[in-house]
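> I am attaching a structure below and will ask some questions about it afterwards.
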Amino acid sequence: MELFPIQLLFMVVLMNRYVLGPLLRRLRGREFDRVDDTYLPRVAIVIPLFNEGEGIYHGVRSLLEQDYPKHLLQIVVVDDCSKDDSYAWALKAAEDNPNVIVMRNPENMGKRKGINRAVKAATEAEIIVSVDSDVIVDKSAVRQLVRRFVSPRIAAVGGRTYVTNRHQNWMTRMIEIKFHFAQEWLKDLERSFRQVMCLSGCLTAYRRHVLLELEPILEARAIAGIPIKYGEDRFLTRQIVKHDYETVYTLDAFCFTAAPSTLAGYFSQQLRWRRSNLVDLLGGLSHAWRLHPVVTVHYVSQLALLLSYPLVIVHNVLTGEFWDILAFHFLVIGLLGVIYRIETRHLPAERRVHGASFLPMALLMPVTYALFTPLALLTLDSGSWETRGSANAAPETSPLDSGGRFPPTHAGEGSTP
């Protein structure tokens, strides 16, 4: 069984993510997450919208309840030619709220170009907060993001995402634990040096002048002449770091979203993320050497694992040794499940899942790497939004009934958890 090379690479990545990062966080103490409560700039919350239906109404309404001075806060919704009634729901959310602006692109432009258009319109804002249209944002999120801009060099501050439907089925329980490690642990190393390489569009704040500075690069993003509409969050974060700005991540600013609950939805998400990882990890090699040496090693090891892992999986399948490498996966994933259970033992039952729920990842990980990494490499020039399919289907109800009245809302995936 020829597992040593992949085991060694795997252990390097694990050491960086699960040992060195958390260790640095504990050693640096307060310096790890500095705040400035005297900084109160004008903020524009930008929401790129595409086929979210009623969900956008609830998202906007939650943002109107932010714990931030109302006269310093503006909300800008940009509809990218949704095919359902999302635009009508957005307009309804803006009624009687002069600080909410709803725009509609003349044609389908993609998430990043829509955000750029909104950034240009928010002329009075100093900070732009990007929020995905399918999330509900915690009331203190904007304030928690803004207070992390303690230096002019900090250009972006990202927040975390919680899974609202964590108890729905085995898939959402597994993703709940995956999110826990992705946000509680995996960014610690990059956070230590203020070089976080991926801040999610679900909830991230940017300095407006930096977005305007990078606009030509963001607008021109393409592969083989085809505009790319996926992985824009990661691409933007990398460009910010490349231009010698700092990026910060905090667990104190958070939002809520529903995770994929089916294999089809999960696979679609993983394919989109795999393309994004490949494009930006490869594209970043030209300037990875400019990062802090520890972050550079972490960066290169991630790319090496991403490219070599599928080859090892296929090799072990062909040589009849797949069960050996699968056992290795179950050992690592099982250990992480135990760690999750220990770390969340203080939480109420509704806020956590059983540690064993992470075990399916031991099988899904090699399968998705073996299948989707090659597929992602062959479809890097995809221009699709690739949203969650059924989650974005047109709703059965419209914000305006036949009499032009707004019907009562019902609890559901788009409602506040």
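Per the UniProt record's numbering, the very first residue in the sequence shown carries number 1; after that it's consecutive. We treat Cβ as the ideally placed atom computed from N, Cα and C, and that holds for glycine.
Restricting to runs no shorter than 3 residues, where is the beta strand (DSSP E) found entirely within the stretch 138–195?
For the stretch 138–195, whole beta strand (DSSP E) runs of length 3 or above, ordered along the chain, are 154–163.
> Classify Asp252 as helix, strand or coil using the three-state DSSP reduction.
Stepping through the sequence shown from its first residue, residue 252 is reached at position 252. Strand, per DSSP.
> Label Ala205 either buried or exposed according to how many other C-beta atoms from any shown protein chain fall within 10 Å of its C-beta, with 16 as the threshold for buried.
What you label residue 205 is simply residue 205 of the sequence shown in a count that begins at 1. Answer is buried; the Cβ neighbour count reaches 16.
> With a threshold of 7 Å on Cβ separation, who are the neighbours of Tyr57 within its own chain once the five nearest residues in sequence on each side are excluded?
Mapped onto the sequence shown, residue 57 falls at position 57. Only Trp89, Lys92, Ala93, Pro399 meet the Cβ criterion.
> Going by the CB atoms, is the gap between Val43 and Leu73 shorter than 9 Å?
Position 73 of the sequence shown, counting from 1, holds the residue named residue 73. Position 43 of the sequence shown, counting from 1, holds the residue named residue 43. Yes. Within cutoff.
> Straight-line CA distance for Leu336 to Glu176?
Residue numbering aside, residue 336 sits at position 336 when the sequence shown is read from its first letter. Residue numbering aside, residue 176 sits at position 176 when the sequence shown is read from its first letter. Distance between the alpha carbons of Leu336 and Glu176: 13 Å.
> Could you tell me which of Tyr162, Lys120, Tyr87 sits nearest to Ala253, measuring between CA atoms?
Counting from one through the sequence shown, the residue named residue 253 turns up at place 253. Comparing Cα-Cα distances from Ala253 to each of Tyr162, Lys120, Tyr87, the minimum goes to Tyr162.
> Using the Cα positions of Arg173 and Glu350, report the straight-line distance between them to the nearest angstrom.
Position 173 of the sequence shown, counting from 1, holds the residue named residue 173. Position 350 of the sequence shown, counting from 1, holds the residue named residue 350. So the two alpha carbons sit approximately 11 Å from each other.
> Return the chain-ordered list of same chain residues with a C-beta closer than 8 Å to the C-beta of residue 433, the five sequence neighbours on each side being excluded.
Residue 433 is absent from the model: the chain starts at 1 and stops at 417.
> Among Leu212, Lys242, Ala156, Asp67, which residue has its Cα nearest to the Cα of Ile115?
Here residue 115 corresponds to residue number 115 of the sequence shown, with the count starting at 1. With respect to the C-alpha of Ile115, the residue from Leu212, Lys242, Ala156, Asp67 having the closest C-alpha is Leu212.
> Within this structure, are the beta carbons of Gly283 and Arg238 separated by less than 9 Å?
Start at 1 with the first residue of the sequence shown, and residue 283 comes out as number 283. Start at 1 with the first residue of the sequence shown, and residue 238 comes out as number 238. Result yes, Cβ atoms of Gly283 and Arg238 sit closer than 9 Å.
> Who are the near neighbours of Lys120 in its chain, counting only those whose CB is closer than 8 Å to its CB and skipping five residues on each side?
If you number the sequence shown from 1, residue 120 lands on position 120. Counting only Cβ-Cβ distances below 8 Å, and skipping sequence neighbours, we find Leu212.
> Leu303 to Asn97, Cα distance in whole Å?
Counting from 1 along the sequence shown, the entry for residue 303 is found at position 303. Counting from 1 along the sequence shown, the entry for residue 97 is found at position 97. One alpha carbon belongs to Leu303, the other to Asn97, and they sit about 46 Å apart.
> Among Val60, His209, Thr373, which one has its Cα closest to the Cα of Ala122?
In the sequence shown, residue 122 corresponds to position 122, counting from 1. Checked all of Val60, His209, Thr373; the closest Cα to Ala122 is His209.
> Do you know offhand how far Arg194's Cα is from Leu318's?
In the sequence shown, residue 194 corresponds to position 194, counting from 1. In the sequence shown, residue 318 corresponds to position 318, counting from 1. For Arg194 and Leu318, the distance between alpha carbons rounds to 43 Å.
> Distance, Cα to Cα, Thr164 vs Cys255?
As a working note, residue 164 is residue 164 in the sequence shown. As a working note, residue 255 is residue 255 in the sequence shown. If you take the alpha carbons of Thr164 and Cys255, they lie about 10 Å apart.
> With distances taken Cα to Cα, identify the nearest neighbour of Cys81 among Met109, Gln66, His287.
On the sequence shown, residue 81 is found 81 positions in, with the first residue counted as 1. The shortest C-alpha separation from Cys81 is found at Met109.
> Is the stretch 310–326 touching the stretch 360–376, taking contact as three or more C-beta pairs under 8 Å?
yes
> Determine the DSSP secondary structure at Tyr230, reduced to helix, strand or coil.
As a working mapping, residue 230 is identified with position 230 in the sequence shown. Three-state DSSP puts Tyr230 in coil, outside helix and strand.
> What are the boundary residues of the alpha helix (DSSP H) that includes Thr373?
Within the sequence shown, numbered from 1, the residue matching residue 373 stands at position 373. Here the alpha helix (DSSP H) through Thr373 covers 361–378.
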